[in-house]
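Residue numbers (the working numbering): 310 to 662. No residue lacks a Cβ here, since even glycine has one placed at the ideal position from N, Cα and C. Below is one structure, written out as structure tokens; the observations come after it.
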Ligand SMILES: CC(C)(COP(=O)(O)OP(=O)(O)OC[C@H]1O[C@@H](n2cnc3c(N)ncnc32)[C@H](O)[C@@H]1OP(=O)(O)O)[C@@H](O)C(=O)NCCC(=O)NCCS
């Protein structure tokens, strides 16, 4: 059998949830174009589509609301847990580690439907992010329920819609590293919570979800377009990877990137933001000219989350809020297939001795 480093190009399983990168650029959730879904549907509808192939988002909304309100009643306990966890780690705990720990402690109910069990986890994630963010997010929107649980009460409709689109685009992406980790855990017949925890742990790395944080840190490290130009050329000379560019599957374009870039364009409204957007576009231009590489969802995605007021270390947790749906759908699909994932390894150690 041929060896493919990083399993690139290897078909490692069957799925009916999404197709990624057909014709080098498209993304479809159960046959629907994900970009069209951002125009016509909400995250809750797309979540239902991904989990149970129905665009009726009511069951998900109801279950999310029920669990979010439960969490709100436990506000003090959860906030205390977060503070305790922070104090155990005096140097500061990354919110992804907090999220992983908090989700891990969650309870599962045998009586839950698939939608209820993931809505419970989703509500926990959103509540933990809101507690960490310390924003007042208790006024929930009927239309953009999940997005409104993450944004401050005074967020505009435009901001809610932008975050709703971001969550839709984060929701699912085939056999990416964190989803594959989730499926490996599911394949042993482990529980959903454990599988989601595997997903969170895997998403944290900078070659995966963490790229959005690194991308914005890079953009923020330059004060002017000229500085950015010089800086990127010298990083490329040093053969450094520029976070937020390139993709393991898309070969032509990441279709999610123009949607998020467009939102940044719409939301920038002050000199600082405008300058930052110009810096980002210059980096994008240089990467295209010098490396023929396109921005992936994380480059302008990070910038969008910054425009929406999130601190950099909350970007990947927001990614979790969106992607937990995809992880859950893959968990259920893998459980249904009931095949243990157990690949072989090419031995490169010492010969027999
Ligand atoms: C996502 C990623 C892992 C895809 O990897 P891949 O398609 O397997 O490509 P490789 O890592 O093998 O790189 C192929 C070539 O392109 C270069 N390249 C790929 N991404 C690059 C980047 N972001 N910056 C600079 N060069 C890059 C590599 O250095 C390599 O060059 P070489 O052939 O001269 O050695 C890779 O593009 C990357 O590390 N990007 C940055 C992290 C990121 O944004 N991740 C989020 C993904 S949604």
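(message) According to DSSP, residue 604 sits in a beta bridge with which residue or residues?
(response) The partner list for residue 604 (beta bridge, DSSP) reads 554.
(request) Kindly examine ligand 1 and report whether one of its heavy atoms sits closer than 7 Å to the Cβ of residue 702. (result) Outside the shown range of the chain, which is 310 to 662, sits residue 702, and nothing can be said about it.
(message) I need the DSSP call for residue 548, collapsed to helix, strand or coil.
(response) Three-state result, residue 548: coil.
(request) Name, in chain order, the residues that DSSP records as bridge partners for residue 328. (result) In DSSP, residue 328 forms a bridge with 337.
(message) Let me confirm a value: residue 319 is counted as buried when at least 16 other C-beta atoms fall within 10 Å, else exposed. Which label applies?
(response) Counting the other CB atoms within 10 Å of its CB gives residue 319 a total below 16, which places it among the exposed residues.
(request) Have a look at residue 678 and residue 529 and give me their C-alpha separation to the nearest angstrom. (result) The first residue shown for the chain is 310 and the last is 662, placing residue 678 beyond what the model contains.
(message) Suppose you measure from the CA of residue 447 to the CA of residue 378; what does that come to, to the nearest Å?
(response) In this structure, the alpha-carbon of residue 447 lies about 9 Å from that of residue 378.
(message) Just to confirm my understanding: we take residue 655, look at its own chain, exclude 5 residues before and 5 after, and list those with CB closer than 6 Å. What are they?
(response) Correct list, in chain order: 312.
(message) I want to know whether the stretch 492-509 touches the stretch 416-435 - three or more CB-CB distances under 8 Å.
(response) Yes, they touch.
(message) So, for residue 439: in the same chain, excluding its five sequence neighbours on each side, which residues have a beta-carbon less than 7 Å away from its beta-carbon?
(response) Cβ neighbours of residue 439 beyond the five flanking positions: 446, 458, 459.
(message) Let me make sure I understand the geometry here. Which of 600, 368, 515, 360 has the alpha-carbon closest to that of residue 481?
(response) Taking each of 600, 368, 515, 360 in turn and checking the Cα distance to residue 481, the smallest one comes out for 360.
(message) For residue 345 and residue 581, what's the separation of their Cα atoms in angstroms?
(response) So the two alpha carbons sit approximately 31 Å from each other.
(request) Helix, strand or coil for residue 580, going by three-state DSSP, please let me know. (result) Residue 580: helix per DSSP, three-state reduction.
(request) Provide the residue(s) that pair with residue 342 in DSSP beta bridges, ordered along the chain. (result) The bridge partners DSSP lists for residue 342 are 337.
(request) Tell me whether the beta-carbon of residue 617 lies closer than 8 Å to the beta-carbon of residue 405. (result) Between residue 617 and residue 405, the C-beta gap is not smaller than 8 Å, which leaves the two residues out of contact.
(message) Counting C-beta neighbours from all protein chains within 10 Å, is the total for residue 606 16 or more, i.e. buried, or is it exposed?
(response) It counts as buried.
(request) For residue 317, verify whether its CB is less than 7 Å away from any heavy atom of ligand 1. (result) For residue 317, the distance from the CB to the nearest heavy atom of ligand 1 is below 7 Å.
(message) Less than 7 Å separating the Cβ of residue 602 from some heavy atom of ligand 1?
(response) Checking the Cβ of residue 602 against ligand 1 gives yes.
(request) Determine the extent of the alpha helix (DSSP H) in which residue 631 is found, giving its start and end residues. (result) Segment 624-646, the alpha helix (DSSP H) holding residue 631.
(message) Please identify the residue among 662, 330, 348 whose C-alpha is closest to the C-alpha of residue 572.
(response) Nearest of 662, 330, 348 to residue 572, Cα basis: 348.
(request) Indicate the three-state DSSP secondary structure (helix, strand or coil) for residue 570 in the structure shown. (result) Residue 570 falls in the helix class under three-state DSSP.
(message) My output table needs one value for residue 489: the three-state DSSP class, helix, strand or coil.
(response) Residue 489: helix per DSSP, three-state reduction.
(request) Look at the Cβ atom of residue 558, then the Cβ atom of residue 330, and state whether they are nearer than 8 Å. (result) Contact: yes.
(message) My parser needs the alpha helix (DSSP H) runs of 4 or more residues fully inside the stretch 387-463; what are they?
(response) Whole alpha helix (DSSP H) segments, 4+ residues: 404-413, 423-442, 454-459.
(message) Among 619, 566, 628, 640, whose alpha-carbon lies nearest the alpha-carbon of residue 604?
(response) Ranking the options by Cα distance to residue 604, first place goes to 566.
(request) Check residue 564 in the structure and name its three-state DSSP category. (result) Taken through DSSP and simplified to helix, strand or coil, residue 564 comes out as coil.
(request) Flag this pair as touching only if the stretch 548-563 and the stretch 638-645 have three or more C-beta atom pairs under 8 Å; answer yes or no. (result) Segments in contact, no.
(request) Tell me whether residue 554 counts as near ligand 1, meaning its Cβ is closer than 7 Å to at least one heavy atom of that ligand. (result) Checking every heavy atom of ligand 1 against the Cβ of residue 554, one is found closer than 7 Å.
(request) Can you grab the Cα-Cα spacing for the pair residue 609 / residue 511, in whole Å? (result) Whole-angstrom Cα-Cα distance: 22 Å.
(message) According to DSSP, simplified to helix, strand and coil, what is residue 531?
(response) Correct three-state label for residue 531: coil.
(message) At a threshold of 7 Å, does residue 517 count as lining ligand 1 (C-beta to nearest heavy atom)?
(response) Placement of the Cβ of residue 517 at a distance of less than 7 Å from at least one heavy atom of ligand 1 is found.
(request) Out of 333, 350, 328, point me to the one whose CA is closest to residue 453's CA. (result) Among 333, 350, 328, the Cα nearest to that of residue 453 belongs to 350.
(message) Only counting the same chain, and skipping five residues up and downstream in sequence, which positions put a Cβ closer than 7 Å to that of residue 412?
(response) Taken in chain order, the residues that qualify are 430, 433, 434, 502, 505, 506, 509.
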